[in-house]
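Quick note: the sequence shown uses full-length UniProt numbering, first residue 1, plus one each step. Beta carbons: idealized from backbone N, C-alpha and C, even for Gly. Here the structure is a predicted model, which means the values were calculated and not measured. So the structure is just underneath, and the comments pick up after that.
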Amino acid sequence: MEKNLIEHIRSLEERHLKPAIRSSKEEMDKILADEFTEIGSSGRMFDKEDCMNRDLSQDDLSMHQFTMQEVAADIVLTTYYLINKTLGRHTLRSSLWKRIDGRWQLYFHQGTVTKQEIINGK
Numbered sequence: 001m002e003k004n005l006i007e008h009i010r011s012l013e014e015r016h017l018k019p020a021i022r023s024s025k026e027e028m029d030k031i032l033a034d035e036f037t038e039i040g041s042s043g044r045m046f047d048k049e050d051c052m053n054r055d056l057s058q059d060d061l062s063m064h065q066f067t068m069q070e071v072a073a074d075i076v077l078t079t080y081y082l083i084n085k086t087l088g089r090h091t092l093r094s095s096l097w098k099r100i101d102g103r104w105q106l107y108f109h110q111g112t113v114t115k116q117e118i119i120n121g122k
């Protein structure tokens, strides 16, 4: 897989975690595919409209152990650990990114609360 593609997708993933982006409907509209679905760490399901109309986290977030795999032509799977420094919460994240009309968009996302020990490899 192209190193440039991995870097590009990682930058998109990091971008969608930034408070300035998460608070902008215009920016989130660019990032999220129209068919976007999320399974939140609470187990609740969200679609694009839900995400566009809710107050998304403004917490201090950091991504660790990012990996990416090609699932099919124009679809990649990313996984990473996310540390919410504000809440002291750790989650395992997975995302499907899909190239739609030549542009990569977030198609699916899931967050699962985990223990810090898992992130540290224990």
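Opposite residue i in the DSSP bridges: which residues?
i	result
LYS98	ILE75, GLN105
ILE6	DSSP, once it has assigned bridges, lists no residue as partnering ILE6.
LEU82	MET63, THR91
GLY43	None; GLY43 has no bridge partner.
GLN69	LEU77
GLN110	ILE39, SER94
Let's see if you can read the secondary structure: which residues bound the alpha helix (DSSP H) around residue i?
i	result
LEU17	Counting along the chain, LEU17 falls outside any alpha helix (DSSP H), and DSSP gives it neither H nor E.
ASP50	48-52
Please classify residue i as buried or exposed, where buried requires at least 16 other C-beta atoms within 10 Å of its C-beta.
i	result
GLU7	exposed
ARG103	exposed
GLU13	buried
SER95	buried
VAL113	exposed
GLY88	exposed
GLY111	buried
GLU2	exposed
HIS64	exposed
I think residue i touches residue j, with their Cβ atoms under 8 Å apart; what is that distance to the nearest whole Å?
i	j	result
ARG99	ASP74	4 Å
THR67	THR86	25 Å between Cβ atoms; not a contact.
LEU106	ILE21	Rounded, the Cβ-Cβ distance is 11 Å, inconsistent with contact.
LEU82	THR91	5 Å
LYS48	PHE36	4 Å
Between which two residues does the beta strand (DSSP E) holding residue i run?
i	result
ASP34	32-39
Of all the CB atoms in chain C, is at least one closer than 8 Å to the CB of residue i?
i	result
GLU13	Checking the listed chains, one finds no chain C in this structure; it contains a single protein chain.
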